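Numbering (the numbering used here), first residue to last: 6 to 73. Every residue gets a Cβ at the ideal spot worked out from N, C-alpha and C, and that includes glycine. Bear in mind the structure is a predicted one, so any value in this text is a computation, not a measurement.
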């Protein structure tokens with residue numbers, strides 16, 4: 006019972022913070038998305054066509070989430 010009460014209180018607090026600071030929330034989401042797109046779409050252009058970073062985009066996504 007105490008676990009769910011604490012979970013509910015923390016969830017409510019986080020939701021209130023997200024609503025209160027909506028500009029920061031949207032800015033963080035936009036920055037996260039832009040960095041992902043830069044890495045996902047531009048990694049071949051930066052390193053050159055002959056560069057091999059792994060088997061494919063799966064390795065790129067795993068590397069990105071590890072970096073986070």
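Measuring only the C-alpha atoms, how far is residue i from residue j?
{"i": "residue 9", "j": "residue 47", "result": "44 Å"}
{"i": "residue 70", "j": "residue 7", "result": "33 Å"}
{"i": "residue 2", "j": "residue 61", "result": "The chain is shown from 6 up to 73; residue 2 falls before or after that span and cannot be answered."}
{"i": "residue 31", "j": "residue 72", "result": "21 Å"}
{"i": "residue 22", "j": "residue 28", "result": "11 Å"}
Write down the C-beta distance between residue i and residue j rounded to the nearest angstrom, noting that I regard them as a contact closer than 8 Å.
{"i": "residue 65", "j": "residue 37", "result": "No, residue 65 and residue 37 are not in contact; Cβ-Cβ is about 16 Å, not under 8 Å."}
query = Counting Cβ pairs, one atom from each stretch, are 3 or more of them under 8 Å apart for the segment 8 to 18 and the segment 36 to 44?
reply = no
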